[in-house]
Structures are given as C-alpha cells and as structure tokens.
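Trainee:
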Amino acid sequence: MKLSFLLQLIAVLQFAIAVLNLFLVHLLGWKPDLQRMPLLLREVFQVHAWFISVTLTIFATTTWRFARDMATAANPVAQWLAAGIGLFWAIRTVLQVTFYSGSHWRGQPARTFMHIALLLAYSAFAALYLWTAFGTKLTS
C-alpha cells in the first residue's frame with residue numbers, strides 16, 4: 216500500500232471527525248449542560264468547537280492535495296507540515312489518555328468503544344504523519 220494512499224485515507228477520516236465535531240453537542244446530549252454555563256464559557260466552547268473543525272478540515276484538505284509531496288519527502292515544506300500535523304495528533308493522543316477522566320466512559324459500552332476507537336485513530340494519525348515526516352530519513 217502506498218504512503219500517499221494512506222495519507223489520503225487519513226485525510227478523509229480527519230474530515231469525518233471535523234464534521235462529527237460539529238454535531239457533538241447534539242449527539243452527546245450536551246445542550247442542557249451548555250445552557251447552564253455562563254455565556255462567555257458557552258461562547259468559548261462553541262468557538263473552539265468550530266475552530267477545531269476548521270483546523271481538521273485544513274489538515275484533511277492539505278493532506279489530500281499534497282499527499283504525494285508528503286509521501287515522497289521531496290519538498291521540505293511538506294515534511295514540516297507532516298511533522299506539525301503529526302505532533303498535533305500525538306499531543307491529542309496523550310491528552311486522550313491523561314486528561315479525560317475514565318468516568319466519562321467506564322461502564323458505558325458505546326462510549327468506551329468510541330474512546331478506544333478515537334484513541335486508535337489519533338495514534339494512527341500521529342504515527343503516519345510522523346513516519347511521513349521522519350521515517351524516510353530513518354530508512355535511507
């Protein structure tokens with residue numbers, strides 16, 4: 216399987232997460248909780264949710280468009296971009312394990328499944344982008 220194909224595959228998955236992120240409030244039933252928040256906190260939450268989706272869409276679109284450049288490591292800008300996105304996902308993976316309380320999903324099979332699925336996805340994103348940025352240098 217070609218690296219550029221794998222990059223395009225994770226571009227599609229990142230775009231799916233970006234879209235899903237826009238519906239989290241509804242999917243997880245957070246509307247009553249958001250309504251109880253102070254206005255400023257609610258607005259910050261909403262702006263951050265949108266900006267995460269915008270960021271992931273930029274990552275997805277850029278990766279889709281430049282997957283070949285990233286995979287061949289011929290362009291240093293593409294390598295830096297892969298390294299930056301890989302670092303983003305690596306940090307997100309660490310936060311998934313260290314920051315969130317297990318009480319959010321423990322004893323709830325559907326939420327536990329999603330937690331594990333997202334943890335694996337974020338880890339795979341980080342690994343693939345970081346391999347794209349640095350792996351070809353390691354095997355050369």
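Residue numbers are given in the numbering used here: position 57 of the sequence shown equals residue 272, and the series is strictly consecutive.
For every residue, glycine included, the Cβ atom is placed at its ideal position computed from N, Cα and C.
1) Taking the C-alpha atoms as reference points, what is the distance between Val-234 and Ile-267?
2) What residue does the alpha helix (DSSP H) around Pro-324 start on, and which one ends it?
3) Quick one: is Ile-225 buried, meaning 16 or more other Cβ sit within 10 Å of its Cβ, or exposed?
4) Apart from the five residues on each side of it in sequence, which residues of its chain come closer than 6 Å, Cβ to Cβ, to Ser-219?
5) Where does the unbroken alpha helix (DSSP H) through His-263 begin, and where does it stop?
6) Can you round the beta-carbon distance between Ala-275 and Phe-230 to whole angstroms, since I take them to be within the 8 Å contact cut?
7) Please confirm whether Gly-317 has its beta-carbon closer than 8 Å to some beta-carbon of chain B.
8) On a Cα-Cα basis, can you pick out the residue from Arg-251, Val-227 and Val-309 that is closest to Thr-272?
9) Taking just the CA atoms, how far does Leu-249 sit from Trp-304?
10) How far does the alpha helix (DSSP H) with Leu-243 in it extend, from its first residue to its last?
11) Where Lys-217 and Leu-302 are concerned, what is the direct C-alpha to C-alpha distance, given to the nearest angstrom?
12) Give the single residue among Phe-349, Ala-342 and Thr-308 whose Cα lies nearest to the Cα of His-330.
13) Which of the three DSSP states, helix, strand or coil, is assigned to Phe-314?
14) Express the C-alpha separation of Leu-255 and Ala-341 in angstroms, rounding to a whole number.
Mentor: Reading it off the structure:
1) Going by the C-alpha atoms only, they are around 10 Å apart.
2) Counted as a single uninterrupted DSSP element, the alpha helix (DSSP H) harbouring Pro-324 occupies residues 324 to 345.
3) It is buried - the Cβ of Ile-225 has at least 16 other Cβ atoms within 10 Å.
4) Excluding residues up to 5 positions away in sequence, Ala-282, Arg-283 and Ala-286 lie with their Cβ nearer than 6 Å to the Cβ of Ser-219 in the same chain.
5) Here the alpha helix (DSSP H) through His-263 covers 254 to 287.
6) Under the criterion of beta carbons closer than 8 Å, Ala-275 and Phe-230 qualify as touching, at roughly 4 Å.
7) Protein chains in the displayed structure number just one, and chain B is not present.
8) Closest option to Thr-272, Cα to Cα, is Val-227.
9) If you take the alpha carbons of Trp-304 and Leu-249, they lie about 27 Å apart.
10) No alpha helix (DSSP H) contains Leu-243, which DSSP labels as neither H nor E.
11) Spanning the two alpha carbons is a distance of roughly 22 Å.
12) Minimum Cα-Cα distance from His-330 among the listed residues Phe-349, Ala-342 and Thr-308 corresponds to Thr-308.
13) Three-state DSSP puts Phe-314 in coil, outside helix and strand.
14) Rounded to whole angstroms, Ala-341 to Leu-255 spans 33 Å at the Cα level.
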